Every structure is written in C-alpha cells, then in structure tokens.
Amino acid sequence: MKTADVLVVGGGPAGSMTAWLLARAGCQVVLCEAHAVLPARVCGMYLCPAGVALLERVGMRARVEAGARSLHGMIMVSPSLHRLETRFPRDVEAPDHGLALPRPALDNALLEAAREAGVVVRMGVRPALERVAGRWVATAPDFEPVAARVLVGADGRKSSTARMLGLSLPVRRSRAAIHIDRPSRQATSPFGQMHVFADGTYIGVNPIHADTVNVSLVCDPAELRATSVVEAINRRLALSPYLAALIEPLPDGVRPGATFPASARVRRAATEDAALVGDASGYIDPLTGEGIYAALWTADELATGLMAGWSDVPAALAGYARMRARRQRAKSLLCELFQTCIRRPWLADSILQLLSRQQAVADSFIGIVGNSYPPGRGLMRIAGHALASF
Ligand SMILES: Cc1cc2nc3c(=O)[nH]c(=O)nc-3n(C[C@H](O)[C@H](O)[C@H](O)COP(=O)(O)OP(=O)(O)OC[C@H]3O[C@@H](n4cnc5c(N)ncnc54)[C@H](O)[C@@H]3O)c2cc1C
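Numbering (this note's numbering), first residue to last: 1175 to 1564.
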C-alpha cells in the first residue's frame, strides 16, 4: 500500500491547484482523476480579474495566461435589448482585465504543474474510499491502494466525496446548462457578454479567440424537455439581434455539451480529516462566472491552512470550513439578488438603465461581479460615484 499525506480526488482546477500548492510546500500528494484524459468542459471559460491576481500571487499566471485572451470588461444586454458596455476598474489591486481561458488547456496546465512538483497523478481512477485506522484508504481496480492522512474532495458539482462524507445538501433552484464553441460571424472584441431574456434564461458569450466564441445557455430544465439543445440555442439566437449578428444558427448534427444541475450545496466544507474544494464545496450558478476563481481560491486557502496547521489537522480544517462559509456568504447573497433580478425582466431592464446613466457606476458594478473588491467595498464605490454626480 502506498502512503501519502493527502489524497486528492478530482483533477479539475480545484484538485490540481490544491495538489500543486501542497506538493510545492513539501507534502506527499496522490491525485486520482476519473478520466484517462481530461475532457472538454461545459464552462464559459472566463476568469475574473481577482482570479488573475491570485494566479500572479502563487506564480502560475505566466503559465496559464500563455493560451488565454485578456478580457477588458463585460457587455450586458437586458430583456428589452438595452445594451451596456462596462470595463473592469483600473484603480484597484486586481488587474484591469480577466481572461478567456480555453479548457481543458487550463486544467492540463495545472495538472502538469502538479506532476512537476512531485504529485503522483493517477488518471482513469475513480477510487472507493473508506476510513481505516485513522487513515483514508483509496482502492480501485488496477490501482495500488493509497492510505492518506487527509482526503480532499475536488470532484465537482456532483461530488461523490461530499456525499460519502455526509456533507452534500439538495440543490434549491436548479438550472440546466448547454455549452458550445462556435465560429463568430465578425471579429470579436475582448469583452465577455451576458444576454438576459425575459424568462430569466441567459446566454453568456466569451470571445475565446478573435474568430471563436464560447456560448453557454442557462435555462430552467423544463425548457429542454420540450425541445432539443440545438433548437433551444437557435431559438434564443433568433430572439436577439446582437446574438444573431455574432453567431450563425447551429446546424443539425452539432453536439453541444449539457449539464444538470448547474449548482451544488454542502452543509460545510470540511470534516476533521477531509475537506472539499472548488465546485464540490458549493456552487451557485454560472451567472457571475465565479467557478474557476472559487476553485483556485478554495485550493489556496485550504493548502495554506493545512500547511500552517499540519500539527493540528482538525483545527486547520475547521478554520478552512469557517473561512469558506464566510467568503461564500456575501457572494451568495449577491448571486441570489442577481438571480431574482434576471427572473423579473422589468427589474433587470431598470437596473441596467440605471447603471447606464453613469459609466463609473457601471464599471464599479462589474468590479463587484469580477471580485476586484469585496461586495461591501464595491457598493461604497457605487454610492460615492452616485453622490458625486449630484
Ligand atoms: C454552463 C456553465 C458555464 C460556466 N462558466 C464559467 C465561467 O465562465 N467562468 C468560471 O469561472 N466558471 C464557470 N463555470 C463553472 C466552472 O466550470 C466550475 O466552477 C469549475 O470547473 C470548477 O472546477 P472544479 O475543479 O471544482 O471541478 P471540475 O472542473 O468539475 O473538475 C472535477 C474533476 O473531478 C473529476 N471527478 C469527478 N468525480 C470523480 C471521482 N469520483 N474520482 C476521481 N475524479 C473524479 C472529474 O472528472 C473532473 O475532472 C461554468 C459552469 C457551467 C455549468
């Protein structure tokens, strides 16, 4: 039997980042990934400015940015086709741009870094886990069993690790998501786009290359019971002149990726000898493009806490769980607020029109969404700009 300090289940951004940071700090880490080769993901592939800052801080930015495109802001289009262009704020610690990050290139870059740092990576392994004499033991066919002190579940929204630990909760208001990369009809500008429809369905567009866009549609699952995923996208493209000008209707025969549910909830993010990171530790909705950033920062917080508190793992993991809950709370409130707005077209229209009145307010708003500053500080900035204009 192989022994390790930490066993990581899942080789997406959260798992690879956790494994890399721990191995770099001297831990013995084994990572198991269910796929033999990392697959394409249903993902908008946008990383917010705070995510770019985090990559810079841990020394991973140059490696990840190599295949990426800088995004300078977001274009938002309301149900009544009101269009607002925003720019990420300049005068803050986070950079004034996010990234369009093709996947699985991002995932592969992080996994490769983990391997180089000494992580033992086992691809094509979905381990069975049990606790034996105070250790987590992982077994699988054709796989040397591993016994580890700490287990990290980084296995995504449908985390079997969270379920096995008794931490997962039923999702509240679940939506379905469809994703496809398409050639664009015109050269794309370096701005992400969010198109909201009257029934709360939305389409995110990420210009991953000058001539290619990543299209993600998020809708109530009932919509996909009545129609095919290709028809669902084409119907929405036809409803928006902005989208129709950018993307041709999908021909028959293309196969968009689809996923359900597009959210995950957990009771808490750790037990006394196991922790959850990334989507496995909770995910609200793709609307604000939080997922990759959350995968990176939860990995960073867990690895930092564990390395500092290795002599008292239960306390270190309890600290991580508290921090995860605290950081999530403010953002969750904001996301719930956005969800409420986009399900009421008159409200979404009014807010966009209000933001349009002052560019600085609109840019501060997108700074909150992009995590350029915490929501409270962002709201103060908005209030400051609004007062200054009186
Ligand atoms: C439609 C849509 C659009 C999105 N757009 C964006 C966006 O623009 N920006 C953004 O930041 N986020 C976006 N997200 C979210 C983002 O994709 C996720 O938050 C991110 O991938 C989370 O990374 P992760 O490592 O936690 O999980 P994942 O990327 O899901 O990786 C989990 C890994 O665990 C593996 N695994 C699962 N079970 C096991 C097991 N039992 N054993 C071993 N391995 C296992 C899987 O194969 C997978 O490789 C979007 C999500 C959706 C649905």
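Cβ atoms here follow ideal geometry from the backbone N, Cα and C, with glycine treated the same way. Since the structure is predicted, the reported quantities are computational estimates derived from the model, not experimental observations.
**Message:** As an exercise, report each continuous beta strand (DSSP E) stretch of at least 3 residues that is fully enclosed by the segment 1214–1257, in chain order.
**Reply:** 1243–1245, 1247–1251
**Asked** To the nearest whole angstrom, what separates the beta carbons of E1475 and Y1494, a pair I think is in contact under 8 angstroms?
**Response** With a Cβ gap of about 6 angstroms, E1475 and Y1494 count as contacting.
**Message:** Tell me whether the segment 1188–1197 and the segment 1282–1293 touch, counting them as touching only if at least three CB pairs, one residue from each stretch, are closer than 8 angstroms.
**Reply:** yes
**Request:** Check whether the Cβ of N1380 lies closer than 7 angstroms to any heavy atom of ligand 1, and answer yes or no.
**Result:** yes
**Prompt:** Using the rule of at least 16 other Cβ atoms within 10 Å of the residue's Cβ for burial, across every protein chain shown, is F1512 buried or exposed?
**Reply:** Label assigned to F1512: buried.
**Asked** Smallest Cα separation from P1301: which of R1257, R1410, R1309, T1313?
**Response** The shortest Cα separation from P1301 among R1257, R1410, R1309, T1313 belongs to T1313.
**Request:** Tell me the start and end of each unbroken alpha helix (DSSP H) in the segment 1449–1511 that is at least 4 residues and wholly inside, in chain order.
**Result:** Within the segment 1449–1511, the complete alpha helix (DSSP H) runs of at least 4 residues fall at 1465–1482.
**Message:** With H, G and I counted as helix, E and B as strand and the rest as coil, what does DSSP make of S1342?
**Reply:** strand
**Short Cβ contact (8 angstroms threshold) for H1383 with I1377** = no
**Request:** Go through its chain and collect everything with a Cβ distance to M1297's Cβ below 6 angstroms, but skip five positions before and after it.
**Result:** E1207, A1210
**Request:** Closer than 6 angstroms by C-beta to V1294: which residues in its own chain qualify, once you throw out the five before and the five after it? Chain order, please.
**Result:** V1204
**Item:** From P1315, D1459, S1390, residue whose alpha carbon lies closest to that of G1218
**Value:** G1218 has its Cα closest to that of S1390, out of P1315, D1459, S1390.
**Asked** Between I1516 and the rest of its own chain, which residues show a CB-CB distance below 8 angstroms, the 5 nearest in sequence each way excluded?
**Response** V1370, G1374, Y1376, L1461, A1522
**Item:** the segment 1400–1408 in contact with the segment 1437–1453 per 3-pair CB rule at 8 angstroms
**Value:** Result no; under three Cβ-Cβ pairs closer than 8 angstroms.
**Asked** Is any heavy atom of ligand 1 found at a distance shorter than 7 angstroms from the C-beta of V1216?
**Response** yes
**Asked** Any heavy atom of ligand 3 within a distance shorter than 7 angstroms of the CB on M1219?
**Response** By its list of ligands, the structure shown excludes ligand 3, since it contains just ligand 1.
**Asked** CB R1439 to CB C1393, shorter than 8 angstroms?
**Response** no
**Request:** Determine the direct distance from the alpha carbon of P1344 to that of M1250, and round the result to whole angstroms.
**Result:** 31 angstroms
**Prompt:** Measuring CB to CB, does Y1416 end up less than 8 angstroms from A1224?
**Reply:** no
**Message:** Please report the distance separating the alpha-carbon of L1491 from that of T1472.
**Reply:** 12 angstroms
**Message:** Rounded to the nearest angstrom, what separates L1398 and L1424 at their Cα positions?
**Reply:** 16 angstroms
**Prompt:** Helix, strand or coil: how does DSSP classify C1515 here?
**Reply:** helix
**Request:** Run the CB neighbour count on D1265, radius 10 Å, all protein chains shown included, and call it buried at 16 or more, exposed below.
**Result:** exposed
**Item:** Where V1428 falls, given that 16 or more other Cβ within 10 Å makes a residue buried
**Value:** Here V1428 is exposed, its C-beta having fewer than 16 other C-beta atoms within 10 Å.
**Prompt:** Which residues share a DSSP beta bridge with Q1367?
**Reply:** I1249, V1379
**Request:** Kindly list the residues whose CB is nearer than 7 angstroms to the CB of V1403, restricted to its own chain and excluding five residues on each side of it in sequence; keep chain order.
**Result:** These residues qualify, in order along the chain: I1352, P1430, A1432.
**Message:** Going by C-alpha to C-alpha distance, which of L1255, V1324, C1222 sits closest to G1483?
**Reply:** V1324
**Request:** For the beta strand (DSSP E) holding R1309, just list the boundary residues, first then last.
**Result:** 1309–1314
**Request:** Just tell me which of D1179, V1216, R1243 has its CA closest to the CA of W1576.
**Result:** A query on residue 1576 cannot be resolved here, the shown segment of the chain reaching from 1175 to 1564 and no further.
**Request:** Could you pull the start and end residues of the alpha helix (DSSP H) that N1545 belongs to?
**Result:** Counting along the chain, N1545 falls outside any alpha helix (DSSP H), and DSSP gives it neither H nor E.
**Prompt:** What residues in its chain sit with their C-beta under 6 angstroms from that of A1268, if we drop five residues either side in the sequence?
**Reply:** P1223, A1224, A1227, S1546
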